[in-house]
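Trainee:
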Amino acid sequence: MINKNDEIELSIESMGNEGEGIGHTGDGMTVFVSGAIPGDRIIAHIIKFKKTYAYAIVSKIISPSEHRVEPLCPVSGKCGGCTLQHMAYDEQLKQKEGKVRDCIERIGGIKNPPMEPIVGAERLKNYRNKAQFPVGTDREGKPVSGFYRRHSHDVVNMPDCCIQASVNKPIVEAVLTFMEERKVPVYNEETGKGLIRHIFTRVGFATKEVMACIVINGEDLKEASDLAVILKDIVEAEGLTFVSLCLNINKKNTNVILGDKVKCIWGRPYIEDKIGDVTYRISPLSFYQVNPEQTVKLYNLALEYAGLTGNEVVWDLYCGIGTISLFLARHAKEVYGVEIVPEAIEDAKENANLNGIDNAKFQAGAAEDLAPSLPCPDVIVVDPPRKGCDEKLLETILKNAPGRIVYVSCDPATLARDLKILIAGGYELKHVRPVDQFIHSGHIETVCQLERT
Ligand code: SAH
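Quick note: to get the numbering used here, add 225 to the position in the sequence shown (first position is 1).
So, in structure tokens, the structure goes:
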């Protein structure tokens, strides 16, 4: 029997969904240990327990895994962001590939899935193009920004995040100085009072365009246009172009970072970026893959698996700003993109124009609702959020019986669940290839190709 605050000796056998280590006690209880990696022998400190499993942190490492390395970042371990910085990158890839295989075998019930080697990254630092820094106060009440301490909502001052673009540090520092000088209040989650909640940024890696968006619990930020002038100088000093300062209005008392309303204060309400030879316009509310160097590999794989000859009708469901749709459109007869966020669909339409692509059509709405009325497809691409495809949508896909399905997934467990349904409905799994988009985190993207049998 385990209790809170117990210290138990444990061997870490595998890696969990968030990059945590997993071990078992003598009586078969599963223990999830943040900060531990497979191969570690540790003393685990139990912080929470249930009937058959418990959560723990590392109290002491008795003998380290051979894959342990010095983390890149001085606050690794404290920050709730990167969970794998202390694992050698080769081993991160091996673990993530193993996780995908395991889900497909165990949840999908597919023996020996046709796995291809994981696509690893060259750039292990400063790879992210989107940052969301929470704003809080220190003991003296001064505004600070950085990250949430692991398992909490305490903001630790650390604007220098090593997986983010380096321009974020001076941007965050300038916003904090602006707040201090002009006495702009920090939002307080507990009381629901105060103004500034998050500092959100986007950087176009190909275009060097930068956007800052201040998330506020209110309608306005006084003297925001002064802030734009300050940020413009800072961004230009880094050799980049400042194109946008926006406010995002979020007056709800929730953990969701962005609200539904965006006001542009300076410049234009979007940045542009390029993946391969396609240019994209990206608004603050639109989804855009966070690791551009890996995204081009991901989309090329989706294109390869789609096997297009130029004559196909293609559905791109959960299309975001039309990124995959436009990547495929030049190789297909027609592409139909569906996405639930209306602003993203506006971006998608604009993106088609921007690139002179006239065979991609976009509709805003839920994929499960709109798919039944789309023209009969030869190829279907889906790229759903972590919860996977809606059951109703999987039925519509099977009813339409396309020759090929390309499934792009950011959660191997829901991917495996959906593959099982598609296979039972008459498809064969031909290729599975993980692509590492989220270096130093436990998350993994996977692309699969299915063919009708
Ligand atoms: N393919 C895109 C976006 C993938 S992320 C890209 O690579 O950039 C998943 C997208 O699904 C998000 O844009 C999200 O807003 C959208 N989404 C979530 N639920 C949806 C639903 N039920 N129907 C359609 N789109 C949905």
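Beta carbons are placed, not taken as given, at the ideal position from N, Cα and C, and that holds for glycine.
For Glu444, which of Asn475, Val397, Val539 has the nearest alpha-carbon?
Mentor: Asn475
Trainee: Quick check on Cys601: buried or exposed, where buried means 16 or more other Cβ atoms within 10 Å of its Cβ?
Mentor: exposed
Trainee: For the beta strand (DSSP E) that contains Pro359, what are its first and last residues?
Mentor: 355-362
Trainee: Measure from the alpha carbon of Gly302 to the alpha carbon of each residue in Arg375, Glu537, Ile500, then state which is nearest.
Mentor: Arg375
Trainee: In chain order, what residues of the same chain have a beta carbon less than 7 Å from the beta carbon of His378, not counting five sequence neighbours either side?
Mentor: Glu414
Trainee: Alpha carbon to alpha carbon, how far is Asn382 from Glu434?
Mentor: As the crow flies, the alpha-carbon of Asn382 is around 26 Å from that of Glu434.
Trainee: Below 8 Å, can you find three or more Cβ-Cβ pairs linking the stretch 541-553 to the stretch 502-509?
Mentor: yes
Trainee: Tell me Ile439's beta-bridge partners as DSSP assigns them.
Mentor: Ile424, Leu472
Trainee: Report back the beta-carbon spacing between Ile271 and Ala261 to the nearest angstrom; my notes put them in contact at under 8 Å.
Mentor: In fact, because the Cβ distance is near 13 Å, the residues do not count as touching under 8 Å.
Trainee: In terms of DSSP beta bridges, what is Cys601 paired with?
Mentor: Per DSSP, none; premise fails for Cys601.
Trainee: Spatial neighbours of Ala356 within its chain, please: C-beta separation below 6 Å, excluding the five flanking residues on both sides.
Mentor: These residues qualify, in order along the chain: Gln389, Asn393, Thr426.
Trainee: In angstroms, rounded to a whole number, what distance separates the CA positions of Thr432 and Glu497?
Mentor: The alpha-carbon of Thr432 is positioned some 7 Å away from that of Glu497.
Trainee: Would you check whether the ligand SAH has a heavy atom nearer than 7 Å to the C-beta of Val503?
Mentor: It does not: the Cβ of Val503 is nowhere closer than 7 Å to a heavy atom of the ligand SAH.
Trainee: So what does DSSP say about Gln514, is it helix, strand or coil?
Mentor: coil
Trainee: Which one or two residues does DSSP pair with Thr255 in a beta bridge?
Mentor: Bridge partners of Thr255: His249, Tyr278.
Trainee: Any chance the stretch 588-608 sits against the stretch 539-549, with 3 or more Cβ pairs inside 8 Å?
Mentor: yes
Trainee: So, under 8 Å CB-CB, Glu322 and Ile335 are touching, yes? Tell me the CB distance rounded to an integer number of Å.
Mentor: Actually they are not in contact, since the Cβ atoms of Glu322 and Ile335 sit about 15 Å apart, beyond 8 Å.
Trainee: Does the separation of the CB atoms of Leu472 and Lys457 fall below 8 Å?
Mentor: Their beta carbons are not under 8 Å apart, which means Leu472 does not touch Lys457 by this criterion.
Trainee: Measure the CB-CB distance between Ala591 and Ile565 and report whether it falls below 8 Å.
Mentor: yes
Trainee: Going by other Cβ atoms of all chains shown within 10 Å of its Cβ, with 16 needed for buried, is Ser634 buried or exposed?
Mentor: Burial of Ser634 is indicated by the presence of at least 16 other C-beta atoms within 10 angstroms of its C-beta.
Trainee: Comparing alpha-carbon positions, which option in Ala453, Ile546, Arg611, Gly251 lies nearest Leu579?
Mentor: Ile546
Trainee: If you drop the 5 nearest sequence neighbours on each side, which residues of the same chain put their C-beta closer than 7 Å to that of Leu309?
Mentor: Gly244, Gln317, His665, Ser666, Gly667
Trainee: Would you check if the stretch 477-485 and the stretch 523-537 touch, i.e. whether three or more CB-CB distances between them fall below 8 Å?
Mentor: no
Trainee: Cβ-heavy atom distance between Ala591 and the ligand SAH below 7 Å?
Mentor: Answer for Ala591: yes, Cβ within range of the ligand SAH.
Trainee: From the DSSP output, read off the bridge partner residues of Tyr561.
Mentor: Trp540, Lys586
Trainee: Comparing alpha-carbon positions, which option in Val672, Ile648, Ala399 lies nearest Thr678?
Mentor: Ile648
Trainee: Apart from the five residues on each side of it in sequence, which residues of its chain come closer than 7 Å, Cβ to Cβ, to Gly371?
Mentor: These residues qualify, in order along the chain: Phe358, Val380, Val381, Asn382, Met383, Pro384.
Trainee: Leaving aside the five residues before and after Gln362 along the sequence, list all residues of the same chain whose C-beta is less than 7 Å from its C-beta, in chain order.
Mentor: A small correction: the amino acid at residue 362 is Thr; Gln does not occupy that position in the sequence shown. Closer than 7 Å at the Cβ level, and outside the excluded window around Thr362, lie Pro368, Val369, Val411.
Trainee: To the nearest angstrom, how far is the alpha carbon of Leu618 from that of Gly251?
Mentor: 44 Å
Trainee: Helix, strand or coil: how does DSSP classify Met404 here?
Mentor: helix
Trainee: On the three-state DSSP scale, how would you describe Glu463?
Mentor: coil
Trainee: Figure out for me which residue from Tyr495, Asp451, Arg407, Ala313 has the closest Cα to the Cα of Met436.
Mentor: Tyr495
Trainee: To the nearest angstrom, how far is it from the Cα of Arg353 to the Cα of Met226?
Mentor: 43 Å
Trainee: DSSP state of Asp498, grouped into three classes?
Mentor: strand
Trainee: If you measure between the beta carbons of Gly492 and Leu465, is that distance less than 8 Å?
Mentor: no
Trainee: For Lys612 and Asn242, I'd like the C-alpha separation in whole angstroms.
Mentor: 14 Å
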